[in-house]
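In what follows, a single structure is set out as structure tokens and then discussed.
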Ligand SMILES: [Zn+2]
Ligand SMILES: [Zn+2]
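In this note's numbering, the protein residues as written are 9 to 343.
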């Protein structure tokens with residue numbers, strides 16, 4: 009497929025022609041027609057991610073979660089089952105993206121932001137290999153910490169320590185909570201990520217994730233345990249938000265799995281010779297390239313409101329450079 013229809017390559021970097029945008033959810037004045045088109049379109053609010061992740065949450069609850077009666081007492085049997093289920097999910101999802109783009113190289117470097125493949129050997133990574141290093145941090149720290157938060161909440165629901173509602177008595181709230189999960193996922197990530205960029209936490213923890221300047225799917229959850237503990241902590245909100253375990257699982261599994269598609273390093277997934285799907289996470293790719301921009305991406309324009317937005321255009325690049333110069337002056341004055 010001809011990638012030049014959608015963008016261009018300069019100095020080994022492919023960039024989409026279309027600037028990064030948040031969609032019209034928070035546009036002012038409101039744009040109802042554009043809103044509906046975005047809400048039902050692809051890519052849009054419902055697809056490709058929110059509905060599939062909600063369905064996955066329902067399926068995990070229905071087919072791969074022990075009963076509340078079993079989970080009322082904290083016992084190794086069911087806890088290890090939840091851990092094993094999350095390991096399987098992670099291997100399937102991260103593994104599938106990795107196989108497709110990086111092992112089978114199904115579309116070569118078409119739509120790949122950085123035209124170089126990650127180096128087969130690099131001293132900055134464990135085992136001198138980016139993929140093995142990323143898999144290690146994901147499976148040894150990421151999935152267990154995700155599971156720990158999830159187990160805590162499941163145990164709490166089983167004992168009535170977390171407020172629980174059912175579909176039968178609150179059908180509207182039950183459906184609305186899936187929308188809230190999408191919002192918590194995004195806004196929670198912004199604040200956790202912003203926090204991790206404060207110098208001390210960056211040095212202690214977040215620098216580990218940022219070694220991936222040419223990320224692949226497994227880079228997504230490749231983080232320091234301190235970062236995992238902060239990143240997954242939004243699951244604790246379900247101690248105060250009345251909801252069903254399905255919603256908690258929806259958020260937990262999404263936090264656990266969605267970083268895979270956020271770090272593929274590709275803008276579009278080719279579907280045959282003519283069609284392709286926008287899996288664009290260009291905003292986050294720019295974050296890995298320039299660090300102090302785009303702490304989140306999605307529908308809430310948080311980076312715009314807080315002055316850290318980079319939409320990929322030369323104008324945005326100029327603004328970033330001016331911001332850096334101002335910060336440099338400030339540091340020099342303080343120092
Ligand atoms: Zn990242
Ligand atoms: Zn970061």
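C-beta: ideal position from N, C-alpha, C; glycine also.
Using 10 angstroms around the beta-carbon of residue 170, count the other beta-carbons present and answer buried if the total reaches 16, otherwise exposed.
Counting Cβ neighbours within 10 Å, residue 170 comes out buried, since at least 16 surround it.
Are the CB atoms of residue 201 and residue 303 nearer to each other than 8 Å?
A contact, by the Cβ cut-off of 8 Å.
Taking the straight line between their C-alpha atoms, what separation do you get for residue 12 and residue 51?
Near 20 Å, if we compare the C-alpha coordinates of residue 51 and residue 12.
Apply the 10 Å Cβ neighbour rule to residue 343 and answer buried if 16 or more other Cβ atoms are within range, or exposed otherwise.
Bear in mind that a pLDDT of 46 at residue 343, under 50, signals an unreliable position, so the number given afterwards is only what the model happens to contain. Exposed, since its Cβ has fewer than 16 Cβ neighbours within 10 Å.
Excluding the 5 residues preceding and the 5 following residue 157 in the sequence, name in chain order all residues of the same chain whose CB lies nearer than 8 Å to its CB.
Within the same chain, residue 157 has close Cβ partners 240, 241, 243, 244, 260.
Need the endpoints of the beta strand (DSSP E) that residue 277 sits in, please.
Where residue 277 is concerned, the enclosing beta strand (DSSP E) stretches over 276-279.
Give every residue whose Cβ lies closer than 6 Å to any heavy atom of ligand 2, listed in chain order.
Checking every Cβ against the heavy atoms of ligand 2 under 6 Å gives 201, 205, 214, 218, 295.
Which of helix, strand or coil does DSSP assign to residue 21?
Strand.
Using CA coordinates, which residue listed in 287, 32, 326, 252 is at the minimum distance from residue 69?
Checking every option, the nearest Cα to that of residue 69 belongs to 252.
Whole angstroms is fine: what's the gap from residue 142's alpha carbon to residue 75's?
The straight-line gap from Cα to Cα measures roughly 33 Å.
Should residue 271 be counted as a contact of ligand 1 given a C-beta to heavy atom distance under 7 Å?
Yes, ligand 1 has a heavy atom inside 7 Å of this Cβ.
Who are the Cβ neighbours of residue 94 in its own chain at under 7 Å, not counting the five residues just before and after it?
Once the five neighbours on either side are set aside, the close Cβ partners of residue 94 are 151, 154, 155, 264.
Please give me, in chain order, every unbroken run of the beta strand (DSSP E) with length at least 3 that falls completely inside the segment 230-266.
Runs found: none.
Looking only at its own chain, which residues have a Cβ that is under 6 Å from the Cβ of residue 214, when we skip the five neighbours before and after it?
Cβ neighbours of residue 214 beyond the five flanking positions: 204, 235.
Could you spell out the range, first to last residue, of the alpha helix (DSSP H) harbouring residue 79?
Per DSSP, residue 79 belongs to the alpha helix (DSSP H) from 76-79.
What are the start and end residues of the beta strand (DSSP E) that includes residue 286?
Unbroken beta strand (DSSP E) run through residue 286: 283-286.
Quick check: residue 281 and residue 9, are their CB atoms within less than 8 Å of each other?
For residue 281 and residue 9, yes; Cβs fall inside 8 Å.
For ligand 1, any of its heavy atoms closer than 7 Å to the Cβ of residue 318?
No, the beta carbon of residue 318 sits no closer than 7 Å to any heavy atom of ligand 1.
So residue 296 and residue 218 are supposed to be a Cβ contact under 8 Å. How far apart are they, rounded?
The pair is a contact, with the Cβ atoms about 7 Å apart (cut-off 8 Å).
Could you check whether residue 212 and residue 82 sit closer than 8 Å to each other, using their CB atoms as the reference points?
No, Cβ-Cβ distance for residue 82 and residue 212 is not below 8 Å.
Under 7 Å Cβ to Cβ from residue 79, same chain only, skipping five residues before and after it: list those, please.
Hits under 7 Å: 86, 162, 163, 166.
Count the other C-beta atoms from every protein chain shown that fall within 10 angstroms of the C-beta of residue 262, then say buried if there are 16 or more, exposed otherwise.
Buried, by the Cβ-count rule.
Is it the case that the Cβ atoms of residue 306 and residue 272 are separated by a distance below 8 Å?
No; because the gap between Cβ atoms is not below 8 Å, this pair is not in contact.
Distance check for residue 199 and residue 20, CA to CA, integer angstroms please.
Spanning the two alpha carbons is a distance of roughly 32 Å.
Note down, in chain order, each residue of its chain lying with its Cβ closer than 6 Å to the Cβ of residue 232, except the 5 sequence neighbours on either side.
Answer for residue 232: 213, 216, listed in chain order.
Which value, in whole angstroms, describes the spacing of the CA atoms of residue 24 and residue 77?
Roughly 51 Å between the two C-alpha positions.
Any chance the CB of residue 236 is under 7 Å from a heavy atom of ligand 1?
No.
Pick from 182, 18, 229, 237: whose alpha carbon is nearest that of residue 209?
Of the listed residues, the one whose Cα sits closest to residue 209 is 237.
Mark residue 71 as exposed unless 16 or more other C-beta atoms lie within 10 angstroms of its C-beta, in which case mark it buried.
With fewer than 16 Cβ atoms within 10 Å of its Cβ, residue 71 is classed as exposed.
Nearer than 7 Å: is that true of the beta carbon of residue 292 relative to any heavy atom of ligand 1?
It does: the Cβ of residue 292 is within 7 Å (strictly closer) of some heavy atom of ligand 1.
Pick helix, strand or coil for residue 335, following the three-state DSSP scheme.
Helix at residue 335.
Pull the bridge partners of residue 172 from the DSSP assignment, please.
Per DSSP, 251.
Return the CA-CA distance between residue 278 and residue 117, expressed in angstroms with no decimal places.
Between residue 278 and residue 117, the C-alpha separation is close to 11 Å.
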